[in-house]
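Residue numbers for the sequence shown follow the numbering used here, so the first one is 150 and each next one is one higher.
Heads up, the beta-carbon is just placed ideally off N, CA and C, and yes, glycines get one too.
See below for the structure under consideration.
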Amino acid sequence: MKRDYWHHPAMGDAALPSLSHDEVLRYSRHLMLPEVGVDGQRKLKAARVLLVGAGGLGSPLALYLAAAGVGTLGMVEFDAVDVSNLQRQVLHGSSAIGRPKLKSAKARLKDLNPHVHFEPIADKLTSANALEIVRAFDIVADGSDNFPTRYLVNDACALAGKPYAYGAILRFEGQASVFDAARGPCYRCLFSEPPPPELVPSCADAGVLGVLPGIIGSIQALEVLKFILGVGESLLGRLVVFDALGMRFRELALKKDPACPMCGLEPTITALMDYEAFCGVASAPANVSPEVSVRALAGELENGRPVLLLDVREPREWDRVHLADATLIPLGQLPSRLAELDNHPDIVAYCHTGVRSLRAVQLLLSAGFRRARSLAGGIDAWSREVDRTMPRY
Numbered sequence: 150m151k152r153d154y155w156h157h158p159a160m161g162d163a164a165l166p167s168l169s170h171d172e173v174l175r176y177s178r179h180l181m182l183p184e185v186g187v188d189g190q191r192k193l194k195a196a197r198v199l200l201v202g203a204g205g206l207g208s209p210l211a212l213y214l215a216a217a218g219v220g221t222l223g224m225v226e227f228d229a230v231d232v233s234n235l236q237r238q239v240l241h242g243s244s245a246i247g248r249p250k251l252k253s254a255k256a257r258l259k260d261l262n263p264h265v266h267f268e269p270i271a272d273k274l275t276s277a278n279a280l281e282i283v284r285a286f287d288i289v290a291d292g293s294d295n296f297p298t299r300y301l302v303n304d305a306c307a308l309a310g311k312p313y314a315y316g317a318i319l320r321f322e323g324q325a326s327v328f329d330a331a332r333g334p335c336y337r338c339l340f341s342e343p344p345p346p347e348l349v350p351s352c353a354d355a356g357v358l359g360v361l362p363g364i365i366g367s368i369q370a371l372e373v374l375k376f377i378l379g380v381g382e383s384l385l386g387r388l389v390v391f392d393a394l395g396m397r398f399r400e401l402a403l404k405k406d407p408a409c410p411m412c413g414l415e416p417t418i419t420a421l422m423d424y425e426a427f428c429g430v431a432s433a434p435a436n437v438s439p440e441v442s443v444r445a446l447a448g449e450l451e452n453g454r455p456v457l458l459l460d461v462r463e464p465r466e467w468d469r470v471h472l473a474d475a476t477l478i479p480l481g482q483l484p485s486r487l488a489e490l491d492n493h494p495d496i497v498a499y500c501h502t503g504v505r506s507l508r509a510v511q512l513l514l515s516a517g518f519r520r521a522r523s524l525a526g527g528i529d530a531w532s533r534e535v536d537r538t539m540p541r542y
């Protein structure tokens, strides 16, 4: 079934940009396809696509969309390349370690296709800037790895009238779909409420097979190209779930939820909100500092301060590496084992990168532990900044 709903807001087919001789040669395999041809390639050249993130999903998205000749690629990213990224984030190489991902991406994409205009946005996507950013593009491809950003992208796209290609990955499983509040279900129709933060591990905490984002990101890129060209059957109204270990694809039908607060019969969301609060990533009380840096903690321990080091990772992570004299209570067991901590007024929780430990601190503070802090950056930051002999993972 063909879903030809692409429309450039500023120009008809006659005003689409022309192709240079080099572009005709570069895209010759596209031009041979009746579904693309010269006019389709000109549509690709006229298109503006926004990528949220330059990580695992953003890498195949950027590479394949640039190679295909999408005229303008915007990219929202504020992180730097880390050696742990390279197992899956194929947009970057070893020479880029420590460099901003945007600079690494720009160099790689320019080398891949100098005809593509790259618009870097070196900022975090927030409720304050998302609408302005999204409105400048035709479609958004979301490569984020957290629920607050996904809800933010969905709501910004819905309010701006833009579709977005969705993808998510964890361990050995991935998902992909297309959401468009104007023509079908939006992300909130699928996930009306975010899951509790303590039940949502990140890739840094749970791991991800390196090839998986390549598969899901490529599906997202395909959906973007089909949308621009107006060909094929879109994933709008369908969710594809991929099981890498079983090598199986499942498809779930998605319907517009009449009660959806964003795109239902009586929508109640008319502006962007605080998505971290909405997703349960609550901030600590104003008089409490929720985090301590690894260097500050190292100084406290060296000076003999009595601090309970609470490791909230899983036993397999503990067996690999842990801080001396720490106590292991995995995050999932913490609510039932709070009594074990009653005699320790000063607690510093830590995990791999600092995400689970913040959740642990929120739980401890709400349970009445007045002096509970999270180790910023987790044991990974400790191994980078305090004890470089400690193995990283």
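Sequence-distant partners of E268 (beyond 5 residues in either direction) whose C-beta falls short of 8 Å from its own C-beta, in its chain, are T221, L222, G223, M224.
Rounded to the nearest angstrom, the gap between the Cα atoms of L301 and F328 is 13 Å. Taken in chain order, the whole beta strand (DSSP E) runs of length 3 or more contained in the stretch 401 to 483 are 457 to 460. Across the set L401, I288, M396, the C-alpha of L401 shows the shortest separation from the C-alpha of A325.
For L487, same chain residues with a beta-carbon under 7 Å away, outside a window of 5 residues either side, are A516 in chain order. Separation of K250 and A525 (C-alpha to C-alpha, rounded to the nearest whole angstrom) is 21 Å. Burial check for H170: the Cβ neighbour count within 10 Å stays below 16, so the residue is exposed. C-alpha of S167 to C-alpha of R197: approximately 16 Å in a straight line.
Under DSSP, D291 forms a beta bridge with V201, Y315.
A distance below 8 Å separates the beta carbons of A370 and L210. In the DSSP assignment, A325 falls outside any alpha helix (DSSP H) and lies within the beta strand (DSSP E) extending over 322 to 328. Put simply, the stretch 231 to 243 does not touch the stretch 279 to 288. Fewer than three CB pairs are less than 8 Å apart. Looking from the CA of A475, the closest CA among P484, D231, D491, V497 belongs to V497. Rounded to the nearest whole angstrom, the CA to CA distance from Y336 to N295 is 13 Å.
One Cα belongs to F376, the other to S383, and the distance between them is close to 7 Å. Beta-bridge partners of L524 (DSSP): V441.
For the pair D529 and H501, the CB atoms are nearer than the 8 Å cut-off.
CA-to-CA, the gap between Q511 and E463 works out to about 19 Å. Note on geometry: alpha-carbon atoms of I288 and I270 lie some 16 Å from one another.
Excluding sequence positions up to five before and after V535, its CB lies within less than 6 Å of the CB of V443, A447, all in the same chain and listed in chain order.
Contact between the stretch 330 to 344 and the stretch 396 to 413 is present, with at least three C-beta pairs closer than 8 Å.
Annotation for E172: Q190, K194, G218, H264 place their beta carbon closer than 8 Å to its own, counting only its chain and skipping 5 residues before and after. When DSSP states are grouped into helix, strand and coil, E172 belongs to the helix group.
If you look at R299, you'll find it in the alpha helix (DSSP H) that goes 296 to 309. Between A245 and V232, the C-beta gap is not smaller than 8 Å, which leaves the two residues out of contact.
Contact annotation: V373 and A290 have beta-carbon atoms nearer than 8 Å. E440 is not a Cβ neighbour of S532, given a cutoff of 8 Å. Counting along the chain, no alpha helix (DSSP H) covers V225; the unbroken beta strand (DSSP E) around it starts and ends at 221 to 225. Counting every other CB atom within 10 Å of its CB across the protein chains shown gives S253 a total of 16 or more, marking it as buried. In the three-state DSSP reduction, V360 falls in the coil class, being neither helix nor strand. Separation of the CB atoms of L358 and A330 is rounded to 32 Å, and the pair is thereby denied contact status at 8 Å.
For P209, the enclosing alpha helix (DSSP H) begins and ends at 207 to 217.
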